[in-house]
Structure formats: structure tokens, C-alpha cells
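Residue numbers (the working numbering): 166 to 341.
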Amino acid sequence: MTNAAGRLPGRLALLFVLLVPGLALAQQRTALVIGNGAYIAAPPLATPPTDARRIADMLRHDLGFDVLAPVLDGRLSDIDRALERFRHAAEGAEIALFFFAGYGMEVNGQNMLLPVGARLEDEGDVPRQTVPLERVLQAMRGARVKLVLLDACRDNPLAQRIVLASSGLSWWPNSW
Numbered sequence: 166m167t168n169a170a171g172r173l174p175g176r177l178a179l180l181f182v183l184l185v186p187g188l189a190l191a192q193q194r195t196a197l198v199i200g201n202g203a204y205i206a207a208p209p210l211a212t213p214p215t216d217a218r219r220i221a222d223m224l225r226h227d228l229g230f231d232v233l234a235p236v237l238d239g240r241l242s243d244i245d246r247a248l249e250r251f252r253h254a255a256e257g258a259e260i261a262l263f264f265f266a267g268y269g270m271e272v273n274g275q276n277m278l279l280p281v282g283a284r285l286e287d288e289g290d291v292p293r294q295t296v297p298l299e300r301v302l303q304a305m306r307g308a309r310v311k312l313v314l315l316d317a318c319r320d321n322p323l324a325q326r327i328v329l330a331s332s333g334l335s336w337w338p339n340s341w
């Protein structure tokens, strides 16, 4: 692990202290942390699960958040279940925080988070196999303060596959 990655939680804690005065005084704080790296149809990402564990520990131990069980290398069904639990936990919370590390993409102006099992062959697969960021925001609507932190790689080979498929060009699935 690099030194920069090792300092991520400390830097995030400092950011909270500077940007959210009174954070230590907040009553109910809840968080959902997702770190996806073991992608099936895209190159794997090495650091998201480790980053997610560190962020979850920092939120729980240093900032007093109730952190739902972190989702590491989550499939769509795992993320769906976690978002439902998060929605219930965020209802009436002072602060709800969502952290995602992994692949993200934008399609038709909507930001989407990719589960590890996403296999996107064309644009029609996107709504069935990804998590719209809007869904995350809806899960947080019951909290007074909502914080969303995305460490998403948007240089996404799956997005390139969709563009090529939509244009009628061929794609070589194992070319990464």
C-alpha cells in the first residue's frame, strides 16, 4: 500500500472537521461504505476494498458513525440490500454519509455506480445492472445532512463497450 492510500482516512477526517463544524456534536450519524474492485467484465481495481475498510473504520472509530456492514466487491443484489438498510438507518438521522470506491459512469446525464458483476453490452443493460446515484440520494432523503463521497474511476472500459456497440462497431471483450 502506498503512503498516499495510507493517509486517506486521516485526510478525510480532517476534511470533515473543517467542512462540517459541530460534527462531533451531531446525534445520529449513519454511513454506507462500498468498495468494489473485483470486477468481472472490466479490469480489476486494487484499492477500493481496502479504502472502504479504512473509511468505515475511521467513520466508526474516529467520527462516531453507525456504519452499516461495508459492502466489499458487491454485486447488484448486495448493493440493493445495503441501500434498503441505509434508507431505514438514514430516516431521521442528523447525518447520512455514503462512500463509494469503484467504477462509475455517466449515461444520458445520469451518474451510475457499477457493481462488480455488471456486464454491459449496450445502453439497455445500464438501468438493469447499475445503481443510479439518484437512488443513493433517495435513500438518504430522511437525513438532515447528506454527504456523498465518490472515489469512482470514470475511465470505464464498459462505457467504451456501450459506445462501440451502439455505433455498430465491434468490441474485443478481453482486450484490456
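For each residue, glycine too, the CB sits at the ideal point set by N, CA and C.
It should be emphasised that the depicted structure is a prediction, and the values quoted were computed from it without experimental measurement.
Where the alpha helix (DSSP H) through residue i begins and ends
| i | result |
| --- | --- |
| R218 | 213 to 222 |
Neighbourhood of residue i by C-beta distance below 8 angstroms, restricted to the same chain and skipping five residues each side
| i | result |
| --- | --- |
| P209 | G202, A203 |
| Q275 | P297, L298, E299 |
| L233 | T195, A196, L197, V198, A247, R250, F251, A254 |
| A211 | G202 |
| Q303 | R252 |
Cβ distance (whole Å) where residue i is taken to contact residue j below 8 angstroms
| i | j | result |
| --- | --- | --- |
| A283 | T195 | A283 to T195, Cβ: 26 angstroms. No contact. |
| V272 | G239 | Between G239 and V272 the Cβ distance is about 20 angstroms, and since that is not below 8 angstroms, they are no contact. |
| L279 | T295 | 6 angstroms |
| G229 | G307 | The pair is not a contact, with the Cβ atoms about 19 angstroms apart (cut-off 8 angstroms). |
Residues that residue i bridges to, as DSSP identifies them
| i | result |
| --- | --- |
| G200 | L237, A266 |
| A317 | G267 |
Cβ shell of residue i (< 6 angstroms), same chain only, five flanking positions each side left out
| i | result |
| --- | --- |
| Q192 | E259 |
| L314 | F264 |
| P213 | G200, N201, G202, A266, G267 |
| V310 | I260 |
| M305 | A255, A261, K311 |
| V301 | F263 |
| C318 | Y268 |
| R218 | none |
| A206 | R284 |
Residue range of the unbroken beta strand (DSSP E) whose run includes residue i
| i | result |
| --- | --- |
| L210 | Note, L210: premise wrong, no beta strand (DSSP E); not H, not E. |
| A308 | Where A308 is concerned, there is no enclosing beta strand (DSSP E), given that its DSSP letter is neither H nor E. |
Same chain, Cβ closer than 7 angstroms to residue i, five either side skipped, listed in chain order
| i | result |
| --- | --- |
| R225 | V232 |
| A221 | V198, V232, P235 |
Sequence ranges, alpha helix (DSSP H) only - wholly within the segment 224 to 301, length at least 4: 241 to 255, 291 to 294
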